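Structure record follows, encoded as structure tokens.
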Amino acid sequence: MTLTRDDIIDFIYDEARMLDEGRFSEWLDLWIPEGHYWMPLDYKQTDPDLVTSLLYEDDFMRRLRVERLNGERTFSQKPKSRCHHVIQRPFVDEFDLDAGHFVTNTSMHYIETRLDEQFLLAITATHELRLVDGKLRIANKRVDLLNSDAAFGNIQLLP
Amino acid sequence: MGKYTDNPAAVAALVEQHQVHRDTYIDQEIYELEMKHLFSNTWVFVGHDSQTPTKGDYITTQIGNQPVIMVRHSDNEIYVLYNRCPHKGTKIAIDRAGNTGKFFRCPYHAWSFKTNGCLLAIPLKKGYADTAFKDSEANHGLEPVGDVKNYRGFVFARLAKQGISFEDYFGEAMSSFDNMVDRAPEGRLEVAGPPLRYMHQCNWKMLVDNQTDTCHPMVAHESSAGTAVKLFEEANWPEDKPKPMAMEIIAPFMSPYEFFEEMGIRTWPNGHGHTGVHHSIHSDYTQEPEYWDAMVAGHGEERTEEILSEIRHNTVYWPNIMIKGPVQQLRNFIPLGPNKTLVESYIYRLVGAPDYLLQRTAMYNRLINAPTSMVGHDDLEMYERAQEGLHAQSTEWINIQRLHTEEENYDEIAVENGTTERQMRNQMNAWVKFMTMTMSDKVEAAE
Ligand SMILES: [Fe+2]
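Chains as they are written, first to last, in the numbering used here: chain A, 15 to 173; chain B, 20 to 466.
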């Protein structure tokens, strides 16, 4: 069985559903350990390292984030937040079966809620995926917020 | 007119040394008086001059609730002007940063102004020929604020035309800024990118108080820092492998009470103060030889030793900024209402230093200060709960009594146990001073 563009697209949908259903441990396993989850602060930012980003998280930080969400003394998650992704069909921008390398571009509306508050973020997610032992994995993920330069309150889950 | 306007005695009565009345945190009238008096009489941070490196460069920001433009004029000096056309009130600039060339031009009726604010030209000027326009306020151009000081790149302004001088206001407190700038081999800083912008539904003073609150990290941040320490232990990290930078930053938040007691707090007059007199949570950061060499080349060995052994934690410059010298960051707590504060967190590059330092500074900013930061979530949850809790009728007072053993004189510099709440008391002492110094006393006079 060879991988098709539809398999790539399904992967993106599955990831969003995982996050919305709070299956964060499963989500962690989607990643290649070296991969980074990046949310730039500036529109069209190119440097994740020497200027501020909202997120630029490696395996350790992702695990910490997920572990913290379930912590006994994580007061900002009592009660817990919930999130919801509405995603447009991803563009498969690169499809290199031989190299096992794929890039998608996906527009989403991300909604997060806790207590009486709810907010909406319009985002574009860029996924770099790789085939590892026959399975698709996230090599890197970049999330651009349409209004990345706006002032936000807490964004506690994972857009 | 409410309870506090023109009533300095009522304002002063809100602050006792060991406790503060909740109206200072939740009352709309008090907030408006803060904007009118406190943020006018004090020296407030505006920006860094590397944000406006060339002539005509400007940024827009606010001092208290006052919209201002910070701009580099043709004489290369930094000017701070009210962002209001003297004609109809239109804001002259609304981009957060830009270059206006040789002059500002109002987009509404094309009145133009030099970058020092002077009125340059008005279209169809003859329409004012037979009027008394030259005597009107509109003829002044863009009004400059009361006074401006550029201290080693950091620009401060006092809105009030008359008042305390910059030197008298800050005094020895500027030593933390000196240390931050001296940490650059070339002795200057440059801003690195735009600030994080984090909206808080709480009073601005809750953030200021938190900067020297050394009894909260091991409690409120157990969820983030405690979990980090636990995960790291479970990871069986090889001894010889360098610790991840993120762990260096986040683990010290879980230091025990004794660590914070021993680190010490120093307070200066006028509400300034800092934690980390002897050591701090930034003390054990890895230092690469490359940086040491660059510092020695710039400052000599003795000075380098002196500069790098001063590892302060948070320095509060009253009223509304905090800097971390060893991390080259500045947080600006901009009051938007009694229960709304915008926090802008800036980072700076040490000119002449290797990149790993800026890498750590940027990491610190996103791990601790971002709206997406776990540590930020821990803190904001506490502030917002307090902002709501203060409305309870059970008591109207906020307690700031820790290690208040006798009457304190805040005009004296003091170094004390790092868990004292003396700095919070020092702040509120300065609050009364700068709130009431320009308040007329109509209420008392009428009685
Ligand atoms: Fe904190």
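Using N, Cα and C, we set each Cβ at its ideal position, and we do this for glycine too.
Computed from a prediction, not measured in an experiment: that's the story for all the values here.
Query raised in the report: Quick one, which residues of the segment 38 to 72 of chain B are near chain A if we go by CB-CB under 8 Å, in chain order?
Result: Residues passing the 8 Å Cβ filter: none.
Report task. Determine, using beta carbons only, whether residue 148(A) comes closer than 8 Å to chain B. Result -> Counting from 1 along the first sequence, the entry for residue 148(A) is found at position 134. Judged by the 8 Å Cβ criterion, residue 148(A) is not in contact with chain B.
Query raised in the report: At a Cβ threshold of 8 Å, is residue 53(A) touching chain B?
Result: Start at 1 with the first residue of the first sequence, and residue 53(A) comes out as number 39. Interface residue, yes.
Query raised in the report: If you measure from each residue's Cβ to the nearest non-hydrogen atom of ligand 1, which ones come out under 6 Å, in chain order?
Result: Any residue whose Cβ sits closer than 6 Å to a heavy atom of ligand 1 makes the list: 229(B), 235(B), 236(B), 239(B), 240(B), 398(B).
Requested in this report: Just mark residue 22(B) as buried or exposed, buried being the case when its beta carbon has 16 or more other beta carbons within 10 Å.
Outcome: Counted from its first residue, the second sequence places residue 22(B) at position 3. In the assembly as shown, residue 22(B) is an exposed residue. Its beta-carbon has fewer than 16 other beta-carbons within 10 Å.
Query raised in the report: Mind checking residue 95(B): buried by the 16 CB within 10 Å criterion, or exposed?
Result: Counting from one through the second sequence, the residue named residue 95(B) turns up at place 76. Exposed.
Query raised in the report: Counting only beta-carbon atoms, is residue 138(A) nearer than 8 Å to chain B?
Result: Indexing the first sequence from 1 puts residue 138(A) at position 124. With 8 Å as the cut-off, residue 138(A) does not count as an interface residue toward chain B.
Query raised in the report: At what residue ranges does the segment 324 to 389 of chain B contain a whole run of the beta strand (DSSP E), taking only runs of 3 or more?
Result: Whole beta strand (DSSP E) segments, 3+ residues: 334 to 336, 340 to 343, 348 to 356, 359 to 369.
Query raised in the report: Hey, residue 78(B) and residue 71(B): beta-carbon distance below 8 Å or not?
Result: Taking the first residue of the second sequence as 1, we reach residue 78(B) at position 59. Taking the first residue of the second sequence as 1, we reach residue 71(B) at position 52. The answer is yes: Cβ separation under 8 Å.
**Report entry** Local conformation of residue 447(B) per DSSP, three classes
**Finding:** Here residue 447(B) corresponds to residue number 428 of the second sequence, with the count starting at 1. Three-state DSSP puts residue 447(B) in a helix.
Requested in this report: Output, in chain order, the set of chain B residues within a Cβ distance shorter than 8 Å of residue 167(A).
Outcome: Working through the first sequence from its first residue, we reach residue 167(A) at position 153. Using a Cβ-Cβ cut-off of 8 Å, residue 167(A) is close to 217, 218, 219, 220, 390, 399 of chain B, given in chain order.
**Report entry** Contacts of residue 79(A) in chain B (Cβ-Cβ under 8 Å)
**Finding:** Start at 1 with the first residue of the first sequence, and residue 79(A) comes out as number 65. What residue 79(A) touches in chain B: 393.
**Report entry** CB contact below 8 Å: residue 39(A) versus chain B
**Finding:** As a first step, residue 39(A) is located in the first sequence; it is residue number 25 there, counting from the start. It does not: the Cβ of residue 39(A) has no partner Cβ on chain B nearer than 8 Å.
Query raised in the report: Hey, quick one: how far does the beta strand (DSSP E) through residue 28(A) stretch, first residue to last?
Result: For the purposes of this step, residue 28(A) is taken as the residue at position 14 of the first sequence. Judged by DSSP secondary structure, residue 28(A) falls outside any beta strand (DSSP E) and instead within the alpha helix (DSSP H) spanning 19 to 34.
Query raised in the report: Is the CB of residue 170(A) under 8 Å away from at least one CB in chain B?
Result: One-based indexing of the first sequence puts residue 170(A) at position 156. Closer than 8 Å to some Cβ of chain B, the Cβ of residue 170(A) qualifies, so yes.
Report task. Measure the alpha-carbon distance for residue 169(A) versus residue 248(B) and round it to whole angstroms. Result -> Your numbering for residue 169(A) matches position 155 in the first sequence. Your numbering for residue 248(B) matches position 229 in the second sequence. Cα to Cα, residue 169(A) sits roughly 23 Å from residue 248(B).
Report task. Starting from residue 127(A), find everything on chain B with Cβ-Cβ shorter than 9 Å and list it in chain order. Result -> Counting from 1 along the first sequence, the entry for residue 127(A) is found at position 113. Going along chain B, no residue has its Cβ under 9 Å from residue 127(A), so there is no contact; the nearest lies around 15 Å.
Requested in this report: Could you list which residues in chain B have their beta carbon closer than 7 Å to that of residue 75(A), in chain order?
Outcome: Taking the first residue of the first sequence as 1, we reach residue 75(A) at position 61. 265, listed in chain order.
Query raised in the report: Are any of the Cβ atoms in chain B nearer than 8 Å to that of residue 70(A)?
Result: Position 56 of the first sequence, counting from 1, holds the residue named residue 70(A). Proximity of residue 70(A) to chain B, defined by a Cβ-Cβ separation below 8 Å, is satisfied.
Query - Among 55(B), 182(B), 380(B), nearest to residue 342(B) - alpha-carbon criterion - result: As a working note, residue 342(B) is residue 323 in the second sequence. Minimum Cα distance to residue 342(B) is reached at 380(B).
Query raised in the report: Starting from residue 178(B) and walking both ways along the alpha helix (DSSP H), at which residues does that stretch end?
Result: Against the second sequence, residue 178(B) aligns to sequence position 159. Element bounds for residue 178(B): n/a, residue is neither H nor E.
Requested in this report: Kindly indicate which residue of 116(B), 25(B), 99(B), 142(B) has the alpha-carbon position closest to the one of residue 126(B).
Outcome: Reading the second sequence from its first residue, position 107 is the one you call residue 126(B). A check of alpha carbon separations from residue 126(B) across 116(B), 25(B), 99(B), 142(B) identifies 142(B) as the nearest.
Query - Residues bridged to residue 166(A) [DSSP beta-bridge criterion] - result: Here residue 166(A) corresponds to residue number 152 of the first sequence, with the count starting at 1. 217(B).
Query raised in the report: What residues in the segment 361 to 390 of chain B have a beta carbon less than 7 Å from any beta carbon of chain A?
Result: Those residues of the segment 361 to 390 of chain B placed with their C-beta closer than 7 Å to a C-beta in chain A are 361, 366, 374, 377, 378, 381, 384, 385, 389, 390, ordered along the chain.
Report task. State buried or exposed for residue 16(A), treating a residue as buried only when at least 16 other CB atoms are found within 10 Å of its CB. Result -> Mapped onto the first sequence, residue 16(A) falls at position 2. Exposed: under 16 other Cβ atoms inside 10 Å.
Query - Sub-8 Å separation of residue 419(B) and residue 85(B) beta-carbons - result: For this step, residue 419(B) is matched to residue 400 along the second sequence. For this step, residue 85(B) is matched to residue 66 along the second sequence. Result no, Cβ atoms of residue 419(B) and residue 85(B) do not sit closer than 8 Å.
Query - Cβ-based burial, residue 275(B) [other Cβ within 10 Å; buried from 16] - result: In the second sequence, the residue the question calls residue 275(B) occupies position 256. Its Cβ having fewer than 16 others within 10 Å, residue 275(B) is exposed.
Report task. Look at residue 366(B) and residue 211(B) and say whether their C-beta atoms are less than 8 Å apart. Result -> For the purposes of this step, residue 366(B) is taken as the residue at position 347 of the second sequence. For the purposes of this step, residue 211(B) is taken as the residue at position 192 of the second sequence. Yes, Cβ-Cβ distance for residue 366(B) and residue 211(B) is below 8 Å.
Query - Delimiting residues of the alpha helix (DSSP H) encompassing residue 122(A) - result: Taking the first sequence and counting its residues from 1, one reaches residue 122(A) at position 108. Residue 122(A) -> not in any alpha helix (DSSP H); beta strand (DSSP E) instead, spanning 115 to 128.
Query raised in the report: So residue 136(A) packs on residue 157(A), CB below 8 Å; how close in whole Å?
Result: To locate residue 136(A), count along the first sequence from 1; it is residue 122. To locate residue 157(A), count along the first sequence from 1; it is residue 143. Residue 157(A) and residue 136(A) do not touch by the CB rule: their CB atoms are close to 11 Å apart, not below 8 Å.
Query raised in the report: What is the residue span of the alpha helix (DSSP H) that residue 318(B) lies within?
Result: Reading the second sequence from its first residue, position 299 is the one you call residue 318(B). Element bounds for residue 318(B): 308 to 318.
Query raised in the report: In terms of residues, what are the limits of the alpha helix (DSSP H) holding residue 269(B)?
Result: In the second sequence, counting from the first residue as 1, residue 269(B) sits at position 250. For residue 269(B), the uninterrupted alpha helix (DSSP H) segment begins and ends at 264 to 269.
Requested in this report: Kindly indicate if chain B contains any beta-carbon less than 8 Å away from that of residue 157(A).
Outcome: Sequence index remark: in the first sequence, residue 157(A) carries index 143 (1-based). Closer than 8 Å to the CB of residue 157(A) there is not a single CB belonging to chain B.
Query - Assigned secondary structure, residue 294(B) (DSSP; H/G/I helix, E/B strand, else coil) - result: Taking the first residue of the second sequence as position 1, residue 294(B) is located at position 275. Residue 294(B) sits in a strand when the DSSP states are folded into three classes.
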